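One structure is given below, encoded as structure tokens.
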Amino acid sequence: MKKILATLLAVSLLLVMVAACGGNANTGTPDSGTPDSGTGTTDSGTADGGTTDSGTGDAGFPDPNNILRFATTGIAGNFNPILANNVYDQYVVSLIFEGMISNDASGTFIPHIATWEVSSDHLTYTFTLEDSITFSDGTPLTAEDVAFTYTTIASPEYIGPRGYAVASLKGYPEFRAGDTDTFEGVEVIDEKTVAFHIADGAESPANIQFFGFGILPKHIYDVATWDDFTALNTSPVGSGWFVMEEYRDKEFVLLHRNNDYWNTSEKPILDGILMSEIPEESLQGAFMTGQLDLAQPQTSSDNWDAYSVMDGVFVQSHLANGYTYLQFNTLTPQLEDYRVRQALMYSLDRQAFIEALFGTLGSVGLAPISPVSWAFPTSGLNDYAFDMDRASALMDDAGWEMGADGVRTKGGNRMELKWLVYDDVAWPGVLSALAADSWRELGVDLSIDIMDFETVQALTGGVPIEERDFSIYTMGWSTAIDPDLTGGIFGMEDDTMDQGGFNQSGWFRQDVHDKMLEALREFDQGRRAELYKELALIFNEQLPTAVVSYRYFVWVNSDRVQGLDIGPFVDWTYHVNKISLAN
Amino acid sequence: MGTYIVRRLLQLIPVFLGIMVILFTIVELSPGGPLSAYLSPRMTPALRAELVERFGLNDPPVTRFFIWLGNMLRGELGSSIRLQRPVVDVLAPMISPTLLLMSLSMVFSVLVGVPAGIISATKQYTIADNSLTVFSLIGISMPSFFFGLLLLRYFSVELQWFPLFGMRDALYKPPNAFANALHVLHHMVLPVIVLGMGGVATFMRYTRSSMLEVIKSDYIRTARAKGLTEKVVIYRHALRNAMIPIITLLGFWIPSLLSGAVITESIFALPGIGRTAVEAVMTRDYPIILSISTMMAILTLLSTLIADILYAAADPRIKYD
Numbered sequence: 195m196k197k198i199l200a201t202l203l204a205v206s207l208l209l210v211m212v213a214a215c216g217g218n219a220n221t222g223t224p225d226s227g228t229p230d231s232g233t234g235t236t237d238s239g240t241a242d243g244g245t246t247d248s249g250t251g252d253a254g255f256p257d258p259n260n261i262l263r264f265a266t267t268g269i270a271g272n273f274n275p276i277l278a279n280n281v282y283d284q285y286v287v288s289l290i291f292e293g294m295i296s297n298d299a300s301g302t303f304i305p306h307i308a309t310w311e312v313s314s315d316h317l318t319y320t321f322t323l324e325d326s327i328t329f330s331d332g333t334p335l336t337a338e339d340v341a342f343t344y345t346t347i348a349s350p351e352y353i354g355p356r357g358y359a360v361a362s363l364k365g366y367p368e369f370r371a372g373d374t375d376t377f378e379g380v381e382v383i384d385e386k387t388v389a390f391h392i393a394d395g396a397e398s399p400a401n402i403q404f405f406g407f408g409i410l411p412k413h414i415y416d417v418a419t420w421d422d423f424t425a426l427n428t429s430p431v432g433s434g435w436f437v438m439e440e441y442r443d444k445e446f447v448l449l450h451r452n453n454d455y456w457n458t459s460e461k462p463i464l465d466g467i468l469m470s471e472i473p474e475e476s477l478q479g480a481f482m483t484g485q486l487d488l489a490q491p492q493t494s495s496d497n498w499d500a501y502s503v504m505d506g507v508f509v510q511s512h513l514a515n516g517y518t519y520l521q522f523n524t525l526t527p528q529l530e531d532y533r534v535r536q537a538l539m540y541s542l543d544r545q546a547f548i549e550a551l552f553g554t555l556g557s558v559g560l561a562p563i564s565p566v567s568w569a570f571p572t573s574g575l576n577d578y579a580f581d582m583d584r585a586s587a588l589m590d591d592a593g594w595e596m597g598a599d600g601v602r603t604k605g606g607n608r609m610e611l612k613w614l615v616y617d618d619v620a621w622p623g624v625l626s627a628l629a630a631d632s633w634r635e636l637g638v639d640l641s642i643d644i645m646d647f648e649t650v651q652a653l654t655g656g657v658p659i660e661e662r663d664f665s666i667y668t669m670g671w672s673t674a675i676d677p678d679l680t681g682g683i684f685g686m687e688d689d690t691m692d693q694g695g696f697n698q699s700g701w702f703r704q705d706v707h708d709k710m711l712e713a714l715r716e717f718d719q720g721r722r723a724e725l726y727k728e729l730a731l732i733f734n735e736q737l738p739t740a741v742v743s744y745r746y747f748v749w750v751n752s753d754r755v756q757g758l759d760i761g762p763f764v765d766w767t768y769h770v771n772k773i774s775l776a777n
Numbered sequence: 121m122g123t124y125i126v127r128r129l130l131q132l133i134p135v136f137l138g139i140m141v142i143l144f145t146i147v148e149l150s151p152g153g154p155l156s157a158y159l160s161p162r163m164t165p166a167l168r169a170e171l172v173e174r175f176g177l178n179d180p181p182v183t184r185f186f187i188w189l190g191n192m193l194r195g196e197l198g199s200s201i202r203l204q205r206p207v208v209d210v211l212a213p214m215i216s217p218t219l220l221l222m223s224l225s226m227v228f229s230v231l232v233g234v235p236a237g238i239i240s241a242t243k244q245y246t247i248a249d250n251s252l253t254v255f256s257l258i259g260i261s262m263p264s265f266f267f268g269l270l271l272l273r274y275f276s277v278e279l280q281w282f283p284l285f286g287m288r289d290a291l292y293k294p295p296n297a298f299a300n301a302l303h304v305l306h307h308m309v310l311p312v313i314v315l316g317m318g319g320v321a322t323f324m325r326y327t328r329s330s331m332l333e334v335i336k337s338d339y340i341r342t343a344r345a346k347g348l349t350e351k352v353v354i355y356r357h358a359l360r361n362a363m364i365p366i367i368t369l370l371g372f373w374i375p376s377l378l379s380g381a382v383i384t385e386s387i388f389a390l391p392g393i394g395r396t397a398v399e400a401v402m403t404r405d406y407p408i409i410l411s412i413s414t415m416m417a418i419l420t421l422l423s424t425l426i427a428d429i430l431y432a433a434a435d436p437r438i439k440y441d
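Chains A and B supply the protein sequences, listed in that same order. The first sequence begins at 195 in our numbering and counts up one residue at a time. The second sequence begins at 121 in our numbering and counts up one residue at a time.
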């Protein structure tokens, strides 16, 4: 027994040493942390170092008190602008890399490291890079790097979520298929100028949004194989404000200021940013004990109330550019009539649902466009305020008659609905429970299947029509700045339904399809807004997809954070160079 | 003994293959797939089909099973689909934190549970025994996530004795390896208590009942009759014999520590196999799920084997042939 215990103890101690020192912490490139370190050792940045003399003249870079501490959950480590696929990875990417364009607080695209011109036929976008841009390793950023970044997305090897961004460029299908070695869509004109050619027929004001991805340094990322390329994900190098100092999977990402940032007037004030994995349950504790500067807790009235009375923190909210929605499977006999769908919405008290979960941090959804967008129609939309009589009348009109067992029937079909609910977050369960009560009164036999998010996605998307076994499910998403509705959940012809596209409602109308395309191709913003209003009115009446709510995002920061600028179109990384910490 | 071990090892092979089949089937039957991370509303069905093809998800399940089994036997774990990194690179840094958490919890469980069990047994039906019994029942029935949050609330937020999250402070620069180890240990105190609590209670119950059984046996009465002091009777004669079932329990306890680590790591935001497994399951990252499950299967098989062997070593009455 003693021996076993002794062995266990010995093993534990050994593991402490291994775990403490080891791991595969990805320390940044040697020049990332302390390029000006006097002694050349990598740990010279500690407060006791005293040998450093950074570009800004402050001794002891980085000062631990001048590091912004941010809470994350689920950083995946795909720190590459063309591969990152979750919001926290995206934050890291936007701190390290820079895109050619950006957008302002109103959602208007603005030059970032390049200015652009569009040809009169809207088919050629010519970008001119600013002078003397360099990557954090000192190498100049040129048109070649821009072309390399976009060509990589189009290349046959590419596996990632950004393919759509180059899909409208000329010659994409041939290049992607490997039929040709030259990508017609991208043309390097000179060291500072690069032109993108849009394929005929794909011109749209929405195309500009694809030119904001961070630019990769070709001399680092132009490697032999795709595996070599993705191996660079955890040690990214870009031209942005910050550089990677240390990344430990499931622990933290530590970034330091890029002291050699090319645009000296825009250099960040912070010495660094520490993004630590902190579970939602510990966020309040972390703020109370002063271990955190910035976080986005889940949107809930409980959270809002807790942070509002907490000392030493500031809490703010803003309407998000997105919405939550409820998808009807319109191909089932129960839900094919739009009056039935309207009846279901009239008998679902969304106002009560929002007040219960979100308090004032949400509003009733009307159309698949966020109220923050210029395309949002300000009038004429039905909010389907709770009205059981109206709901009953609509059911009667649609021919669904109340049966003896309290369930409506029509032509041999019972009004049986199956709602797929995921329990990863609370709101779908709450909404479906609310519906279960009021819809029973309406004569609907609702069954609720609870599962995880991935399963809902698997049972609804990518499933051929005849195998779709659901009536309703809910989801939420953030939308792009451009209000374009094509390719989404709204019934496109090329979203071939039997192959299981994203149009899970199965609802398709040729005139709506054409109008979505017309709106996508229209360059006059006033006319575009009119088209989106017409579309919003159609969706609001037909309800293939009922928009449930518009949500707010909640942000909490410690009192020492100054200069924070957050809005629906600009996240905290946009102007992070202006953030300072009062100690 | 040698032949026994060899025979047991050979028996493990069909068991292992059976586990592999079941594992693969379960993963195969779970709805969903690993490609969600790549899907966007703007992705056309053609692009989606191309991705499915690239990841080899189009082959029939039987083909994929044998491809996977072959790779696994050659030690090739493949690449994570979501992270596009080799599984080995993803899992390697996660192993030592989890092993650390598990072994410290085991030590904690034994060091607290066994003495408590002895006290409980030798002082049967006293206040000490009764309160330890109540304590162990609470320890067994308390959900660990609740217990963990309770500890965090009190010791990390109110008193601030222990860190609230993580295995180290990223901004702390330890002057030497010893300070670094202390720093990590400080972070491990609460997680170890939470993960070890169930073990404390279990070891205590087992020790208590095993001790009670031994104390009532004839040779203990003989020892007492010889005039030995109570201390010698209990610690030399009774304890050694009472520990035999506990040794087996040690082996069987390892798998439950591993599953407990999943919850503990999530509450305390520690890096480790448990959290990696949860993330992989939520995103259906097949290569990661299968690799971790295989590791767990091997660990379970080996720990039961070791328990059996230790049992034989500790108890001369048990003979294997």
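The beta-carbon is built from N, C-alpha and C at its ideal position, and this holds for glycine as well. Remember, it's a predicted structure, so these values are computed and weren't measured experimentally.
Is there a C-beta anywhere in chain A that falls below 7 Å from the one on residue i?
{"i": "Phe285/B", "result": "yes"}
{"i": "Pro391/B", "result": "yes"}
{"i": "Leu167/B", "result": "yes"}
{"i": "Ala290/B", "result": "yes"}
{"i": "Val254/B", "result": "no"}
{"i": "Tyr355/B", "result": "no"}
{"i": "Leu197/B", "result": "no"}
{"i": "Gln244/B", "result": "no"}
{"i": "Val208/B", "result": "no"}
{"i": "Tyr158/B", "result": "yes"}
{"i": "Arg442/B", "result": "An answer regarding residue 442/B cannot be provided, because it is not within the stretch 121 to 441 covered by chain B."}
{"i": "Pro180/B", "result": "no"}
{"i": "Leu419/B", "result": "no"}
{"i": "Gly152/B", "result": "yes"}
Any beta carbon of chain B sitting closer than 7 Å to that of residue i?
{"i": "Glu445/A", "result": "yes"}
{"i": "Thr424/A", "result": "yes"}
{"i": "Ala270/A", "result": "yes"}
{"i": "Met710/A", "result": "no"}
{"i": "Asn218/A", "result": "For Asn218/A, the predicted model reports a pLDDT of 40, less than 50, meaning its position is unreliable and no value from the coordinates is stated."}
{"i": "Pro258/A", "result": "yes"}
{"i": "Leu289/A", "result": "no"}
Indicate the three-state DSSP secondary structure (helix, strand or coil) for residue i in the structure shown.
{"i": "Phe781/A", "result": "The question about residue 781/A has no answer, for chain A in this structure spans 195 to 777."}
{"i": "Val542/A", "result": "The sequence shown places Leu at residue 542/A, rather than the Val named in the question. Coil at Leu542/A, not helix or strand."}
{"i": "His391/A", "result": "strand"}
{"i": "Met576/A", "result": "According to the sequence shown, residue 576/A is Asn rather than Met. Asn576/A falls in the coil class under three-state DSSP."}
{"i": "Met669/A", "result": "strand"}
{"i": "Lys612/A", "result": "strand"}
{"i": "Gly244/A", "result": "Its pLDDT being 36, under 50, Gly244/A is placed unreliably in this model, and the coordinates cannot settle the point."}
{"i": "Asp639/A", "result": "strand"}
{"i": "Asp532/A", "result": "Sequence check: residue 532/A is Tyr here, not Asp. It is helical."}
{"i": "Val503/A", "result": "coil"}
{"i": "Asp384/A", "result": "strand"}
When Cβ atoms are compared, which residues of the stretch 453 to 480 of chain A fall closer than 7 Å to chain B?
Hits within the stretch, in order: Leu468, Ser470, Glu471, Ile472, Pro473, Glu475, Ser476, Gly479, Ala480.
Along the stretch 351 to 373 of chain A, where does the CB come closer than 8 Å to a CB of chain B? Name the residues.
For the stretch 351 to 373 of chain A, residues whose beta-carbon sits nearer than 8 Å to a beta-carbon of chain B comprise Ile353, Gly354, Pro355, Gly357, Tyr358, Ala361.
Could you please tell me which residues of the stretch 397 to 414 of chain B, in chain order, have their CB closer than 9 Å to any CB of chain A?
Per Cβ criterion, the list reads Glu399, Val401, Met402, Thr403, Arg404.
Which residues, taken in chain order from the stretch 365 to 385 of chain B, show a beta carbon closer than 9 Å to some beta carbon of chain A?
From the stretch 365 to 385 of chain B, only Ile366, Ile367, Leu370, Glu385 have a Cβ closer than 9 Å to chain A.
What residues from the stretch 127 to 149 of chain B come within 9 Å of chain A, judged by C-beta to C-beta, listed N to C?
The residues in question: there are none.
Check each residue of the stretch 644 to 656 of chain A: if its Cβ is closer than 9 Å to any Cβ of chain B, include it; give the result in chain order.
From the stretch 644 to 656 of chain A, only Met645, Asp646, Phe647, Glu648, Thr649, Val650, Gln651, Ala652, Leu653, Gly655, Gly656 have a Cβ closer than 9 Å to chain B.
List, from N- to C-terminal side, the alpha helix (DSSP H) runs of 4 residues or more that fit wholly inside the stretch 284 to 345 of chain B.
Within the stretch 284 to 345 of chain B, the complete alpha helix (DSSP H) runs of at least 4 residues are 297 to 335, 338 to 345.
Whole alpha helix (DSSP H) elements within the stretch 351 to 433 of chain B, 4-residue minimum:
359 to 388, 393 to 402, all fully within the stretch 351 to 433 of chain B.
Going along the chain, which residues of the stretch 716 to 739 of chain A sit with their C-beta nearer than 8 Å to a C-beta in chain B?
Listed by position along the chain: nothing, the set is empty.
Can you pull out the residues from the stretch 249 to 281 of chain B whose beta carbon lies closer than 8 Å to at least one beta carbon of chain A?
Under the 8 Å Cβ criterion, the stretch 249 to 281 of chain B contributes Leu269, Leu272, Arg273, Ser276, Val277, Gln280.
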